[in-house]
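For the sequence shown, the tail end lands on 162 under our numbering, and the numbers increase by one without skipping.
We put the CB at the ideal spot given by N, CA and C, even for glycine.
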Amino acid sequence: MKKRKYYRKCGICGERYEQSEMVRDECSPTGWICFDCCMGVHPEYEED
């Protein structure tokens with residue numbers, strides 16, 4: 115059985131992404147933000 119892919123809407127840019135490409139964020143209206151917006155909102159979490 116294939117795993118289902120869940121898509122979430124970014125609370126900042128409004129784009130839809132697969133849940134694995136999203137980050138939970140309590141400041142976002144939807145509760146999810148994409149990695150690109152996360153870097154803008156939370157630069158302290160920048161990936162190495």
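Item, Value
"Specify the secondary structure class of CYS124 as computed by DSSP and reduced to three states.", "coil"
"So the beta strand (DSSP E) CYS148 belongs to, where does it begin and stop?", "146-148"
"Determine the contact status of ARG118 and MET136, defining contact as a CB-CB distance below 8 Å.", "no"
"Determine the direct distance from the alpha carbon of TRP146 to that of VAL155, and round the result to whole angstroms.", "12 Å"
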